[in-house]
Each structure stands twice: as C-alpha cells, then as structure tokens.
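Protein chains: 2
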Amino acid sequence: MADRTTPGGDTVAGIGEFGLIGAMTEGRAQPSTTLLGPGDDAAVVAAPDGRVVATTDVLVQNVHFRFGWSSPAHVGRKAVAVNLADIAAMGAVPTSVLVGLACPPDTETSVVTQLVDGMWEEAARARVGIVGGDVVRAEELVLSITALGDLGGRPPVTRSGARPGDVVAVCGRLGWAAAGLAVLGRGFRSPVGVVNAQRSPEPPYAAGPAAAIAGATAMIDVSDGLLADLGHLALASGVGIDVQTDRLTLDQKLVDVGTALGADPMRWVLTGGEDHALAATFPSYTDLPEGWTRIGTVLLPDTGVTVDGRPYDGETGWEHWR
Amino acid sequence: MADRTTPGGDTVAGIGEFGLIGAMTEGRAQPSTTLLGPGDDAAVVAAPDGRVVATTDVLVQNVHFRFGWSSPAHVGRKAVAVNLADIAAMGAVPTSVLVGLACPPDTETSVVTQLVDGMWEEAARARVGIVGGDVVRAEELVLSITALGDLGGRPPVTRSGARPGDVVAVCGRLGWAAAGLAVLGRGFRSPVGVVNAQRSPEPPYAAGPAAAIAGATAMIDVSDGLLADLGHLALASGVGIDVQTDRLTLDQKLVDVGTALGADPMRWVLTGGEDHALAATFPSYTDLPEGWTRIGTVLLPDTGVTVDGRPYDGETGWEHWR
Numbered sequence: 334m335a336d337r338t339t340p341g342g343d344t345v346a347g348i349g350e351f352g353l354i355g356a357m358t359e360g361r362a363q364p365s366t367t368l369l370g371p372g373d374d375a376a377v378v379a380a381p382d383g384r385v386v387a388t389t390d391v392l393v394q395n396v397h398f399r400f401g402w403s404s405p406a407h408v409g410r411k412a413v414a415v416n417l418a419d420i421a422a423m424g425a426v427p428t429s430v431l432v433g434l435a436c437p438p439d440t441e442t443s444v445v446t447q448l449v450d451g452m453w454e455e456a457a458r459a460r461v462g463i464v465g466g467d468v469v470r471a472e473e474l475v476l477s478i479t480a481l482g483d484l485g486g487r488p489p490v491t492r493s494g495a496r497p498g499d500v501v502a503v504c505g506r507l508g509w510a511a512a513g514l515a516v517l518g519r520g521f522r523s524p525v526g527v528v529n530a531q532r533s534p535e536p537p538y539a540a541g542p543a544a545a546i547a548g549a550t551a552m553i554d555v556s557d558g559l560l561a562d563l564g565h566l567a568l569a570s571g572v573g574i575d576v577q578t579d580r581l582t583l584d585q586k587l588v589d590v591g592t593a594l595g596a597d598p599m600r601w602v603l604t605g606g607e608d609h610a611l612a613a614t615f616p617s618y619t620d621l622p623e624g625w626t627r628i629g630t631v632l633l634p635d636t637g638v639t640v641d642g643r644p645y646d647g648e649t650g651w652e653h654w655r
Numbered sequence: 334m335a336d337r338t339t340p341g342g343d344t345v346a347g348i349g350e351f352g353l354i355g356a357m358t359e360g361r362a363q364p365s366t367t368l369l370g371p372g373d374d375a376a377v378v379a380a381p382d383g384r385v386v387a388t389t390d391v392l393v394q395n396v397h398f399r400f401g402w403s404s405p406a407h408v409g410r411k412a413v414a415v416n417l418a419d420i421a422a423m424g425a426v427p428t429s430v431l432v433g434l435a436c437p438p439d440t441e442t443s444v445v446t447q448l449v450d451g452m453w454e455e456a457a458r459a460r461v462g463i464v465g466g467d468v469v470r471a472e473e474l475v476l477s478i479t480a481l482g483d484l485g486g487r488p489p490v491t492r493s494g495a496r497p498g499d500v501v502a503v504c505g506r507l508g509w510a511a512a513g514l515a516v517l518g519r520g521f522r523s524p525v526g527v528v529n530a531q532r533s534p535e536p537p538y539a540a541g542p543a544a545a546i547a548g549a550t551a552m553i554d555v556s557d558g559l560l561a562d563l564g565h566l567a568l569a570s571g572v573g574i575d576v577q578t579d580r581l582t583l584d585q586k587l588v589d590v591g592t593a594l595g596a597d598p599m600r601w602v603l604t605g606g607e608d609h610a611l612a613a614t615f616p617s618y619t620d621l622p623e624g625w626t627r628i629g630t631v632l633l634p635d636t637g638v639t640v641d642g643r644p645y646d647g648e649t650g651w652e653h654w655r
C-alpha cells in the first residue's frame, strides 16, 4: 500500500478525503431535481414518478480506460455517460449520479479534479446532478458510478418486449469508438473524431424517452457491440433479429480510417462497443422519432441474430474477462 | 494484469461476467419495492414518497477489510450495512442496493458467491432488494455499494438542524468494532462478540425513521467515531455539543477486553468507528424512541465537541488517507 503523504495539496493524500470531496462538490450548480446535494449522510433526489430507475457501472484504469490515450476529463465524461445511457435505454430521463472513486494516495490532485470536471461536464450535458460520492484509497484507480432516472409516468422499456414483425432501429453512432480504438492501438492520435469517440461517447440521452413515448417495445444501449447487444435483446424477448447492412450508414470518416488501417469499417459498426447508441424495437406502423433509423426486423423465435439473413461470421462484440 | 483464465468455473474469469451476475441475482427473493430487478439496462425501484434518498460507499480490500480477519460473507454484510446505515441516518427506510464489484480474474468464484451471500443476508435483514450491479476485473478487490431509501412523506433529517438546548442521543453499539479491531490487531480471534462487531456492524436501521417520526432535529451515523461524527453534526448545525460519559454504557465485554489488552474501553466508545450506531439530536421535551439513550446536550455555537465539559485529549476518530 502506497503511503507517501506529501505535505502539500498536490496529491489526494495531501488534501485528504474531505478536501477532495469539497473539490468535487463545492460551487457546482445542481439541477432542480437535486433536493439535497452532497455533504450529508445521503442525498435526496426528486422521483416525481413514484418509481426510480437505477443502474451502476464500474470503470477500472487500464481495463476500461488508459490515461495514455484519454485525458482524465475524457474518462470522467465517459464514466458518467455510460451510466446515463443505461437510464435512457429504459426510456427514462436521467436525474442524478453518485460517484465512488478509489485511487492511490499519491494520485495527483489535478488528475482527480480533471476527472471530476469531466463528470460535471457530462452531467451538465444531460442536466443531471452529481449528488453524492465517496473517495477512498486503493492501489489502482477505480470509478464506480450510479445513475438514477425518472420514467415520467411511462412503463420502463425493457429488453424483453420485442415481437416478431417489429422494426429494429438505432439512434446514435455505431463503430466510431471501435475505429478510435483501432487508431489508438496503432499508435496514432488522429483522426480526432473517432479518437474522441473512443475517449468519451456521446449517447443520445433524449432519444430514450422519445422512443418510449413513440411506443418502443424493447430497448438496449449498445455498449458491447450492435450484434452482441441485439443478441441480449433477442434472447430476453424470445425472438430473432435480422440486421440489414444496406440500412447502416457508413460515415466517410469510418471508411477512411478503415482504408488507412486495412480494416473493414462495417465490422466496427456491427461489433464495436462503447459508442452507447440506443437500439430499440417498434411496432411496424410506428413513425420513428427524430434521429432513429431503421436497421432491421424482428423475426420469429429461435433464429438468433442474423446479418442480411445469414449468421455473422465473427466475434459479435466485447467479451468481458477474456 | 493477471489473465489466468481457468477452464472451469472456479475463478471469476472461468465463469465470466454473465455467469457471475447470474450467480449474484438469480433465484433471490426481491421485496415488493423491487419493481424491475437485475437483468436489464437498469432496475426500477418504488419511490412512493416522490423523492429518493441515495448514498454510495466504496470498500477496498486491505483498506476497509481483510480476508484474514473477516470471511467474505462478513465483508458482504458490512458493505451493505454501512450504506443502509447512511439511509437510516436521514430518517429514511432503505429500499434497495446496487453492487459494483471489481476483482482480479483469478479470484475464486466461491469468494464472490460468499460475498454475495453476505450482501443478501444483510439486505434481507433490512428487507431491501439487491436490484442491480456490475462485475469487472481489476487488480484488487473493490466493492462499491449504492443504497436507496424512501422518506415516507417526512423531511430528511440532515446534520444541520441541531439547536442549543436539544438533547443528544444514540441508538446502537459504540466501541465494539474498535475493541474487535484491537483484539484482531493483537492476533486474537476472541471474544467473538467484539470481533464479529468489527467484521460486520449491526446498524439499528429502524431507529432512523423512528427518530425522524419523534422529531429528531439532526442525525448522523457513527462511522468515523462518536466524537468525530458529532463534530461533523455540530459543524453543520453551527452548535457545540457536550457528551457526558456517565451516560455512556460501558458493556462488561468492552471492560473485559480493555482489561485484557491494557486499553481504555471508554476511548473505544468515544472514538471508535465502524459500529454505525445512529446519533441524533432532539428537542429537550422529546420522549426518546425505544432504543435511544440520551448521552449529551447541544450547546451554544463555537464551543466545539466537549466531553464532560472539557476538550477531548486525543484523536477523535478515523482519519482517512493518513
């Protein structure tokens, strides 16, 4: 256990737990949903629906992010974004997040303040509060975020409601983060568009509640990869899904990166995770909400997830622990 | 990064993330507040009050617990208990917890299942659900728990409402966990009463809402030590507090352990953390709820926390990071 307590405030050991929590929370603007913010034993958050949607995700340094590739601010944004995307994927509006931060005592204070700045930046983008947290020492940096949200009187949109004949649609980027990872993995830092997509995603939060209002029958956020996550949805719903590649837009940036690296950009779109787009199913008669694009069809049970009518011949997405 | 993937299911790498989440959640009885349990992008929990109380605490192996001293089941119980105590300290009834677990891939599956069994044991004791979670790989074991609760129409009891003339009261054990730590630190494993108090606390959850109903003006859970936590409450309320030691019960077990180790048991009571008793202030005319004992008085501002009218001559509690 590192125990290098410096006299000044340039490490987290130097400024201490309460100093650190102060730096994380003081002087930050809270939205109206934050009824009692940080500083007490617990926070109080508005839950006008009478139900609260809750999710938690943990990010570990050198597993889920690398400071060589991402700035602390990017990591902070990403940690908040991946959780808010899960709230949106239930059709809920995010209201708040809580932050657990474990880090070595000799972590530079500036790293933590930049992490926190990134968290607040993403929180502001989604108009949610950072309402509580805990800061503890550990041997490596671990970020644990919990996000809460409100359903606004609607039923939650689960993974299990898709029915044969529904259309499959997505909103948000696909394959960008994977292209960025490929670029970074080769030692490049550009094009910055795909690299920044890897550093921190930009999930389309408002598209979740919009899909719910439009009558989405099932929804999931694309964290592991489109085919992998549609597989989770198909399994939960007891249906098959066919994705039509001619409906998937291949942005010129992805084509260019694919050409430069000798990689197939459609593979990034189909199997790349971490963009946190939303994928949902809708009754076939639905006028899709703004930003949503049809990419496939829900089929009869037990056909699995197919691409252009055929099984996909490759890894479908991120496999944890391997 | 350890990457010893064993072929069987005897390590977490062997059974994988989804197997692990299944082991954590499948076949577990959820209370009626769990409207949608684990398995989707997020859970849905009842928040009948229209507000939700939320808190998060992170526990790190060899910082907050040691497997040489505590079984995984004890650690699981403790991780849940410390969070539920924070909910109770707001005067709220806990409804649910979410679990973030980071651990090395070569962690034995049985360690994780015992951890989770302990979490469920404590959750059942408080009648809350474990509604969601995340399991990721890391170099050391980190547990991040978020707890939610419901205020039942009452205002939250914060740290800042104490007024001069109020009585100070506590409910729950004080000094037991510190005595247990002293015993374990000397290499002993008994008396089991204090040792188990260190391994996992038994916070008096129901005493929090009971205090709120009785009109508590301020409340805090004793996690850092009685004097330290009363100091937080006094600071937030802008008051002084005097603790009268003749009102603090010294259980014979603590006296015996103190005699055996040559230590002052009253010091454990005044400064020992981790029992997660509740401390609160009440108007002087209050009939204290069952289980609450008066231990002191709220004084005029700027007198700090005193013991029998005098400043305390020692460390008042746990200092993080040092």
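For the protein sequence lines, the chains are A and B, in the order given.
The first sequence begins at 334 in the working numbering and counts up by one.
The second sequence begins at 334 in the working numbering and counts up by one.
Note that CB positions come from ideal geometry on N, CA and C, so glycine has one too.
For clarity, every value in this text was computed on a predicted model and none was experimentally measured.
Within chain A, partners of residue i - CB distance below 8 Å
i                      : result
alanine 376 of chain B : Val386, Ala387 and Thr388
leucine 369 of chain B : Pro489 and Thr491
glycine 518 of chain B : None at all; the shortest Cβ gap to chain A is about 16 Å.
valine 396 of chain B  : Met334, Val469, Arg470 and Ala471
Contact check, residue i vs residue j, beta carbons under 8 Å
i                         : j                         : result
glycine 424 of chain A    : alanine 596 of chain A    : no
serine 429 of chain A     : valine 378 of chain A     : yes
glycine 500 of chain B    : serine 617 of chain B     : Reading off the sequence shown, one finds valine at residue 500 of chain B, where the question assumed glycine. Yes, Cβ-Cβ distance for valine 500 of chain B and serine 617 of chain B is below 8 Å.
glycine 465 of chain A    : isoleucine 420 of chain A : no
alanine 551 of chain A    : valine 461 of chain A     : no
valine 396 of chain B     : arginine 470 of chain A   : yes
valine 426 of chain B     : proline 542 of chain B    : yes
alanine 380 of chain A    : glycine 383 of chain B    : yes
isoleucine 553 of chain A : leucine 568 of chain A    : no
proline 598 of chain A    : glycine 508 of chain A    : yes
threonine 301 of chain B  : asparagine 416 of chain B : One cannot answer for residue 301 of chain B here, as it falls past the ends of chain B, which runs 334 to 655.
leucine 474 of chain A    : threonine 440 of chain A  : yes
tryptophan 601 of chain B : alanine 456 of chain B    : no
aspartate 374 of chain B  : alanine 422 of chain A    : yes
leucine 297 of chain B    : valine 638 of chain B     : Residue 297 of chain B lies beyond the range of chain B shown here (334 to 655); nothing can be said about it.
alanine 547 of chain A    : leucine 621 of chain A    : yes
alanine 414 of chain B    : proline 536 of chain B    : yes
alanine 376 of chain B    : threonine 388 of chain A  : yes
Classification of residue i by the beta-carbon crowding that lies within 10 angstroms, buried from 16 upward
i                            : result
phenylalanine 615 of chain A : buried
glutamine 585 of chain B     : exposed
arginine 506 of chain B      : buried
glycine 642 of chain B       : exposed
threonine 582 of chain A     : exposed
glycine 485 of chain B       : exposed
leucine 559 of chain B       : buried
arginine 532 of chain B      : buried
glycine 513 of chain B       : buried
aspartate 608 of chain A     : buried
phenylalanine 398 of chain A : buried
serine 556 of chain B        : buried
arginine 522 of chain B      : exposed
aspartate 646 of chain A     : exposed
glycine 520 of chain A       : exposed
valine 590 of chain A        : buried
Residue i: contacting residues in chain B (beta-carbon distance under 8 Å)
i                      : result
leucine 431 of chain A : Ala387, Thr388, Thr389 and Thr479
In DSSP terms, what residue i is bridged to
i                            : result
glycine 434 of chain B       : Residue identity check: residue 434 of chain B is leucine in the sequence provided, not glycine. In DSSP, leucine 434 of chain B forms a bridge with B:Val468 and B:Leu476.
serine 429 of chain A        : A:Gly462 and A:Leu481
valine 640 of chain B        : B:Val576 and B:Arg643
phenylalanine 398 of chain A : A:Gln394
glycine 355 of chain B       : Paired residues: none, contrary to the question.
alanine 423 of chain B       : Per the sequence presented here, residue 423 of chain B reads as methionine, with alanine not at that position. Note: methionine 423 of chain B sits in no beta bridge, so no partner.
leucine 632 of chain B       : B:Gly573
Chain-ordered neighbours of residue i on chain A, where CB pairs are closer than 7 Å
i                      : result
proline 381 of chain B : Gly383
Contact set between residue i and chain B, taken where Cβ atoms lie within less than 7 Å
i                         : result
threonine 435 of chain A  : In the sequence as displayed, the identity of residue 435 of chain A is alanine instead of threonine. Val391, Val393 and Val475, listed in chain order.
isoleucine 553 of chain A : Asp374
Fill in: Residues in the stretch 445-479 of chain B having any Cβ partner in chain A nearer than 7 Å
Val464, Gly465, Gly466, Asp467, Val469, Arg470, Ala471, Glu472, Glu473, Val475, Ser477 and Thr479
Worksheet entry | Contact list for the stretch 417-428 of chain A against chain B, Cβ threshold 7 Å | Asp419, Ile420, Ala422 and Met423
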